[in-house]
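Residue numbers (the working numbering), protein chains in the order written: chain A, 1 to 288; chain B, 289 to 576.
2 protein chains.
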Amino acid sequence: MRVVKSVSAMQRLALQWRRRGVRVSFVPTMGALHEGHLSLVRRARKLAGTKGLVVVSIYVNPTQFGPAEDLRRYPRDFNRDSELCREAGADFVFFPTDTEMYPGKSEGRYSTYVVEENLSRAMEGEARPTHFRGVTTVVAKLFNIVLPDIAVFGAKDFQQATVIQRMVSDLNFPVKIVVAPTVRERDGLAMSSRNRYLDEQQRAQAPVLWRAIQHAQKKVVAAKRLLDAEKLRSELKKLIEQQPTARVDYVHFFDPQTFMAAPKATRGTHLAMAVFVGKTRLIDNAPL
Amino acid sequence: MRVVKSVSAMQRLALQWRRRGVRVSFVPTMGALHEGHLSLVRRARKLAGTKGLVVVSIYVNPTQFGPAEDLRRYPRDFNRDSELCREAGADFVFFPTDTEMYPGKSEGRYSTYVVEENLSRAMEGEARPTHFRGVTTVVAKLFNIVLPDIAVFGAKDFQQATVIQRMVSDLNFPVKIVVAPTVRERDGLAMSSRNRYLDEQQRAQAPVLWRAIQHAQKKVVAAKRLLDAEKLRSELKKLIEQQPTARVDYVHFFDPQTFMAAPKATRGTHLAMAVFVGKTRLIDNAPL
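In structure tokens form, the structure reads like this:
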């Protein structure tokens with residue numbers, strides 16, 4: 001496995017692979033890798049096949065963090081991450097600096113952004129107003145640098161995956177997007193790099209997101225008619241906030257294609273939530 | 289020469305060329321071709337070489353027109369245009385419909401835009417607030433569909449060419465941008481598809497833009513010290529508006545890299561202007 005740090009070296013390699021007809025599978029990450037990421041790398045490995053190549057990028061992208069967010073304390077451990085990538089089957093790790101990715105930004109010489117103006121407005125976009133603009137911009141850049149045939153994203157960031165799919169389709173990127181399922185701890189907590197912010201007490205309370213989702217799924221299956229989403233939301237909020245350090249940011253029922261709020265919850269309705277556990281904001285989602 | 293109308297067919301061809309290592313030169317146009325466009329196609333032909341391919345796109349992009357602008361009456365003559373492309377050395381003409389380029393837009397299912405937020409604000413961006421967002425978006429799409437190695441733009445749309453260069457650099461598109469010189473009529477009028485809106489009297493007055501530019505160039509060469517830009521602007525405005533149907537929209541002196549307004553005009557300062565001749569808005573520019 002090889003580590004590439006410069007944009008121009010990475011793009012040069014990508015152009016060579018393209019000319020040789022090598023299939024490239026790509027997994028963009030912010031590092032702090034856990035089993036969820038590694039499942040994406042293994043999926044990318046399968047999709048690339050034995051003759052193809054797997055590229056993992058490790059880059060904590062500043063433009064997707066708000067001014068009051070955890071950019072500075074976001075966990076970073078490159079040596080561990082790159083070893084995990086190697087074990088999971090990556091051929092290349094792209095590990096650029098901010099100066100490589102956004103040259104001249106501090107002097108105002110970076111000025112182009114990719115914006116998705118519909119699906120990115122609700123939920124995470126409402127809570128984090130410049131978040132998705134940072135995500136779509138960095139992913140567009142990474143696609144142009146790595147030139148992948150396939151890119152793998154995790155379903156845990158469901159809205160992100162949907163926004164990226166819309167961007168790829170709207171801007172005609174010749175990249176196939178694969179969304180791989182959320183990987184969970186044994187108690188149901190969705191794997192996330194931010195889980196390591198939780199202290200022992202908070203960690204014990206954090207599985208309540210998944211329990212709330214399962215509760216909603218069961219109710220929908222058992223229901224004789226459509227459930228009122230507002231009522232179900234209140235019920236889930238109550239269930240979640242029984243945990244002393246948990247506070248709901250949002251619980252949202254919606255159509256997974258259009259992201260329009262669903263007044264009724266039924267099979268196929270999507271449920272997503274963001275919950276503060278202590279100061280740590282956790283998200284989770286699933287179809288009902 | 290072959291005409292391709294669907295996005296998927298064009299992108300499939302482009303992916304094949306890429307795999308075969310074929311060099312692709314690209315000229316995006318809105319049709320209504322004149323000698324200026326054809327000089328770009330011939331330049332693209334040279335840059336592609338004998339083994340390479342030249343693609344010209346002909347697409348009147350709705351997202352770069354304002355609601356009160358000339359989208360509907362913009363001149364269209366595909367048969368003439370494609371014949372001119374062939375003669376100038378094009379191998380492929382990409383001629384998509386709006387439904388191909390912006391599927392689902394009228395139903396709100398198109399939602400991704402590329403925005404440049406610095407260089408695109410002044411001049412044409414001030415006069416036409418959503419213009420450059422439409423330009424950067426469609427050019428990003430066309431780059432992803434045609435996958436060119438080189439793209440050729442005209443210097444007449446100087447701000448457009450600069451915004452595109454910034455977009456390509458910021459978003460890491462693996463495309464080399466070439467800017468080719470403005471082609472002029474014998475009386476100095478910069479070639480433009482919009483010149484055909486001019487009646488005989490207006491056409492006779494339209495070369496005043498170029499005369500004003502030459503006037504400024506001579507003054508700068510002759511000047512013993514830096515010229516006050518505000519004074520020179522008033523002088524040019526007066527000169528231009530001596531033509532009975534001409535009305536200045538803007539006359540702007542600026543640094544061609546940063547687009548910052550230049551308080552003093554000197555060699556290297558860039559001069560750009562927009563002038564209504566009757567109801568037709570003409571633009572021109574040159575370095576001093």
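Backbone N, C-alpha and C fix where the C-beta goes; we use that ideal spot for every residue, glycine too.
Cβ proximity to chain A below 8 Å picks out nothing from the stretch 511–523 of chain B. Taken in chain order, the complete beta strand (DSSP E) segments of 3 or more residues contained in the stretch 325–386 of chain B are 341–346 and 380–382.
For methionine 167/A, there is no enclosing beta strand (DSSP E); the enclosing alpha helix (DSSP H) covers residues 158–170. Close partners of arginine 306/B in chain A (Cβ separation under 8 Å): Arg18 and Arg19. With the criterion set as a beta carbon lying under 7 Å from some beta carbon of chain B, the members of the stretch 2–35 of chain A are Val7, Gln11, Leu15, Arg18, Arg19 and Gly21, in sequence order. Among the residues facing chain B, isoleucine 145/A is included, as its CB has a counterpart in that chain under 9 Å away. Counting along the chain, valine 467/B sits inside the beta strand (DSSP E) bounded by residues 464–468. Taking a C-beta distance under 9 Å as the contact criterion, glycine 31/A and valine 3/A do not qualify as a contact pair. Aspartate 437/B sits close to valine 312/B, with the two beta carbons spaced by under 9 Å.
Listed in chain order, the non-local C-beta contacts of glycine 556/B below 8 Å within the same chain comprise Pro544, Pro575 and Leu576, local neighbours out to five positions each way being set aside. Interface with chain B (9 Å Cβ-Cβ cutoff): serine 111/A is included. DSSP places leucine 514/B outside both helix and strand once states are collapsed to three, so it counts as coil. Per DSSP, glutamate 185/A is not a residue of any alpha helix (DSSP H), being assigned neither H nor E. Taking a contact as a CB-CB distance under 8 Å, the pair threonine 470/B and valine 508/B does not count as one, their CB atoms being some 19 Å apart.
Note that the C-beta distance between valine 440/B and arginine 331/B is below 9 Å. For glycine 125/A, the nearest beta carbon of chain B is not closer than 9 Å to its own beta carbon.
Annotated three-state conformation of histidine 34/A is coil, per DSSP. At a cut-off of 9 Å, the C-beta of phenylalanine 173/A has a neighbouring C-beta in chain B. With respect to methionine 479/B, lysine 444/B sits close: the two C-beta atoms are nearer than 9 Å.
Within the same chain, Cβ atoms closer than 6 Å to the Cβ of serine 345/B are found at Pro316, Phe382 and Leu430, the five residues on either side in sequence being excluded.
With a 10 Å radius around the Cβ and a threshold of 16 neighbouring Cβ atoms, arginine 421/B comes out buried. When Cβ pairs closer than 8 Å are counted between the two stretches, the stretch 459–467 of chain B is seen not to touch the stretch 561–571 of chain B, the count staying below three.
The beta carbon of arginine 454/B falls within 9 Å of a beta carbon belonging to chain A, placing the residue at that interface. If the five residues before and after leucine 232/A are omitted, its C-beta is found closer than 8 Å to the C-beta atoms of Ala216, Lys219, Phe253 and Ala265, all from its own chain and listed in chain order. With contacts defined by Cβ atoms closer than 9 Å, methionine 10/A and cysteine 85/A do not form a contacting pair.
9 Å or more divides the Cβ of valine 179/A from the Cβ of alanine 206/A. Rounded to the nearest angstrom, the Cβ distance from valine 402/B to valine 114/A is 5 Å, consistent with a contact under 8 Å. When the five nearest sequence neighbours on each side are left out, the beta carbons in the same chain lying within less than 7 Å of the beta carbon of valine 251/A are those of Arg233, Leu236, Lys237 and Met273, in order along the chain. Residue state for alanine 206/A is assigned as coil, using DSSP reduced to three classes.
Assigned with DSSP and collapsed to three states, alanine 262/A falls in coil, not helix or strand. Contact annotation for lysine 429/B against chain A: Asp170, Leu171 and Asn172 [CB-CB distance below 9 Å, chain order]. Contact between glycine 340/B and glycine 442/B fails: their C-beta atoms lie close to 20 Å from each other, not under 8 Å. Listed as beta-bridge partners of arginine 535/B by DSSP are Phe564/B. DSSP places asparagine 406/B in the coil class of the three-state scheme, outside both helix and strand. Around the beta carbon of glutamine 159/A, 16 or more other beta carbons lie within 10 angstroms, which makes this residue buried. For the C-beta of glycine 108/A, the chain B residues within less than 8 Å are, from N- to C-terminus, Asn406.
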